[in-house]
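First to last, the protein sequences are chains F and P.
When you line the first sequence up against the working numbering, it's residues 1 to 211, in that order.
When you line the second sequence up against the working numbering, it's residues 212 to 422, in that order.
These notes are about the structure you will find just below.
Protein chains: 2
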Amino acid sequence: MAKNKRAETTEGRRERKRRQTRERIEQAAMTLFLQRGFEATTIEDITEAADVSKRSFFDYFPSKEEVVFAWQDAFADRLMAAIAARPAKETSVAAVEAAITATVIASVDEPGLALGELIHRTPALKARDQLKYAKLEQKLAEALLLRKGGDPLERPRMRVLAAIVIGALRVGAELWQQRPPSVSPQDFAREIFADLWKMLAEFGDEAKTRR
Amino acid sequence: MAKNKRAETTEGRRERKRRQTRERIEQAAMTLFLQRGFEATTIEDITEAADVSKRSFFDYFPSKEEVVFAWQDAFADRLMAAIAARPAKETSVAAVEAAITATVIASVDEPGLALGELIHRTPALKARDQLKYAKLEQKLAEALLLRKGGDPLERPRMRVLAAIVIGALRVGAELWQQRPPSVSPQDFAREIFADLWKMLAEFGDEAKTRR
DNA sequence: TGGCAATCTTGCATTGACTGCAAAAATGCA
DNA sequence: TGCATTTTTGCAGTCAATGCAAGATTGCCA
Chain F
1 MAKNKRAETT
11 EGRRERKRRQ
21 TRERIEQAAM
31 TLFLQRGFEA
41 TTIEDITEAA
51 DVSKRSFFDY
61 FPSKEEVVFA
71 WQDAFADRLM
81 AAIAARPAKE
91 TSVAAVEAAI
101 TATVIASVDE
111 PGLALGELIH
121 RTPALKARDQ
131 LKYAKLEQKL
141 AEALLLRKGG
151 DPLERPRMRV
161 LAAIVIGALR
171 VGAELWQQRP
181 PSVSPQDFAR
191 EIFADLWKML
201 AEFGDEAKTR
211 R
Chain P
212 MAKNKRAETT
222 EGRRERKRRQ
232 TRERIEQAAM
242 TLFLQRGFEA
252 TTIEDITEAA
262 DVSKRSFFDY
272 FPSKEEVVFA
282 WQDAFADRLM
292 AAIAARPAKE
302 TSVAAVEAAI
312 TATVIASVDE
322 PGLALGELIH
332 RTPALKARDQ
342 LKYAKLEQKL
352 AEALLLRKGG
362 DPLERPRMRV
372 LAAIVIGALR
382 VGAELWQQRP
392 PSVSPQDFAR
402 EIFADLWKML
412 AEFGDEAKTR
422 R
C-alpha cells in the first residue's frame, strides 16, 4: 500500500516507479474519460490501457472519481498559503481578492480547464465538484478567521464572506468556460471582483434604505 | 413503471397503492438510515422492511441516494413560486428575503431537520447535498431574472445575488443545526438576513474606499 | 553475491448497487 | 366474467469496490 519515504533521502527506484505508475493510470483514465465519457469507461479499460492489474487501480486511487479530482487539492492548498501570506493589517476583503486572483492566475493553465465540460455533463462528477467548492469555502473561512486572530465572534462573518467569494469564483469559472477567453485571466479576475464588490455595495445599500 | 393519471379524475386504487408503497419504502429507508447509517443499510434491508421485492425499489427510486433527497425538490419548487409571487416593483433584494423567509418557515417542520446529521456524516450524501444547493441557486437565479423581464444583461448579476443568498442560506442552515433553536425560525431568518445585508454593505464600502 | 525482509502487484472471491428482460400478478373496465 | 393495461417480481448480468493471501520486486547487508 501507499507508504511514505523511509528517510528524507532522495527518491529511490521504488518511489519513482510508483509515481510513474500513478501518472500512467491518471493519464490513461483522463484520455479515456474525455474520449468516451466517464461512465462509459470502466476501471478495466483504464487498467488495461495503463497496463496494470485491475486490482492495482485501487492501490493508487480510492475510487474512479478521485482520479478526476486528485489534482484539485493543490488549488485549495495554494489558496490557503496565499491568504496566510497577506499582511495582517490588510482588510479581509482586500486579502481574499489578492489571494484568489494570484492563485487563479497561478493555476489557470492546468488540465482543469479541459475537465470542465466532462464534469458538467456527468451528474456524479458534478456532485463531487460542488463538494470541492464547499471544502474550499470552509478552508477559506478558516484561513480568513486565522488572520483575524481566531476570534470566534468573527466566524459567521468570515463564513459568509467565504461563501460570497467562492460563489463569485464559481460563477466566474462558469462564465470563463462559456466564452473563449478573449481577455487575460488577470483582467478577467479583476473585472469579476470589481463587479462583485460593486454589487455587494448596491445590495447592501438597497437593504439599508429599505423599509 | 411510473405513469401518471389517465384522466384528471380522483386517485384510483392503483395510484393510491402505489403512493402507499412509495411511502412505505421511504419510511423504511429513513428509519434504517438514521438507525444504522446510510452505507450500512443495503437495498435489501430496505425492501425487506418495506415488504417489496428488491427489484421494485428501483421502480420507485432511481437510486439509494434519491430516497434521501426526494423530499427536497419540494423546497425548490416552493421557493420558485414564492419568488414569482412577489410584486414586480419590489427590488430583487427585498424579494429574495421575503421569499426565502416564507419558504423556510413553511418548510421548517419537515423531516429534513433530522437528516442534517446523517447527510453530514456520509460523504456520498454530502456531495449530493451540495449539488442540491447548486441547483437551488440556479433556479433562484432564473426566477429572479424572470422578475426582471429576462434581460440577459442582468443574468450575471442575478447569478451572483443567488449565490450570495443561497450561501447565506447554507451557512444559516448550518448554524441552525448546531445550536438548539432557542429562537423561532422567523426571528432566526430575520436575524440572518439582517446580518447578511449589513455585511454586504460593509464589504461593499470597504472595497469602495480601497485603493 | 546470495539471501532475507519489507513492500508491491496481482488473482480470486465476494458484496452490493443498478439494469434489462420477460413471466406472473393485480387492477380497471367493458 | 374476460381481456387489456399496468405493476410487481425473479433472474441473470455488469460494474465498482474491498479483503485476502500468494507471488513478484526491491532494498539492504552479511
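By construction, the Cβ of each residue, glycine as well, lies at the ideal position given by its N, Cα and C atoms.
Since the structure is predicted, the reported quantities are computational estimates derived from the model, not experimental observations.
Residue i classed as buried or exposed, judged by whether at least 16 other C-beta atoms fall within 10 angstroms
i, result
"proline 156 of chain F", "buried"
"glycine 378 of chain P", "buried"
"glutamine 341 of chain P", "buried"
"glutamate 348 of chain P", "buried"
"leucine 364 of chain P", "exposed"
"phenylalanine 58 of chain F", "exposed"
"glycine 204 of chain F", "buried"
"lysine 64 of chain F", "buried"
"threonine 220 of chain P", "Since pLDDT at threonine 220 of chain P reaches only 49, below the 50 mark, its modelled position is unreliable, and the value read off the structure follows with that caveat. Per the 10 Å Cβ criterion, exposed."
"threonine 42 of chain F", "exposed"
Sequence-distant residues of the same chain with beta carbon closer than 6 Å to residue i, five excluded per side
i, result
"isoleucine 25 of chain F", "Ala50, Tyr60"
"proline 185 of chain F", "Ile105, Val108"
"leucine 196 of chain F", "Ala168"
Neighbour flag for residue i against chain P, beta carbons, 8 Å
i, result
"isoleucine 25 of chain F", "no"
"arginine 190 of chain F", "no"
"threonine 91 of chain F", "yes"
"leucine 131 of chain F", "yes"
"leucine 118 of chain F", "no"
"leucine 115 of chain F", "no"
"valine 171 of chain F", "yes"
Neighbouring residues, chain F, relative to residue i (Cβ below 9 Å)
i, result
"alanine 379 of chain P", "Val160, Ala163, Ile164"
"lysine 419 of chain P", "Trp197, Lys198, Ala201"
"leucine 364 of chain P", "Neighbours of leucine 364 of chain P on chain F: none; closest Cβ ~12 Å, over 9 Å."
Any chain F beta carbon closer than 8 Å to residue i
i, result
"arginine 368 of chain P", "yes"
"glycine 223 of chain P", "no"
"leucine 356 of chain P", "no"
"valine 315 of chain P", "no"
"valine 394 of chain P", "no"
Neighbouring residues, chain F, relative to residue i (Cβ below 7 Å)
i, result
"phenylalanine 244 of chain P", "The premise fails here: phenylalanine 244 of chain P is roughly 18 Å from chain F at the closest Cβ pair, so nothing lies under 7 Å."
"alanine 345 of chain P", "Gln130"
"alanine 305 of chain P", "Arg210"
"leucine 386 of chain P", "Pro156"
Proximal residues of chain P, C-beta to C-beta of residue i below 7 Å
i, result
"arginine 128 of chain F", "Ala338"
Chain P contact residues for residue i, given Cβ-Cβ distances below 9 Å
i, result
"alanine 274 of chain F", "The requested residue 274 of chain F does not occur in the structure, where chain F is confined to residues 1 to 211."
"leucine 140 of chain F", "Result: empty, since nearest Cβ-Cβ is about 12 Å, beyond 9 Å."
Contacting residues, own chain, Cβ-Cβ under 8 Å from residue i (five flanking each side not counted)
i, result
"glycine 327 of chain P", "Ala384, Gln388"
"threonine 242 of chain P", "Ala260"
"valine 52 of chain F", "Thr21, Arg24, Ile25"
"asparagine 4 of chain F", "Residue placement at asparagine 4 of chain F cannot be trusted, given a pLDDT of 38 that sits under 50; what the coordinates show is reported in the next sentence. Within the same chain, asparagine 4 of chain F has no close Cβ partners at all."
"glutamate 44 of chain F", "Lys54"
Contact list for residue i against chain P, beta-carbon separation under 8 Å
i, result
"aspartate 205 of chain F", "Ala412, Gly415"
Sequence-distant residues of its chain with Cβ nearer than 7 Å to residue i (five each side left out)
i, result
"isoleucine 403 of chain P", "Ala379, Gly383"
"phenylalanine 280 of chain P", "Arg339, Lys343"
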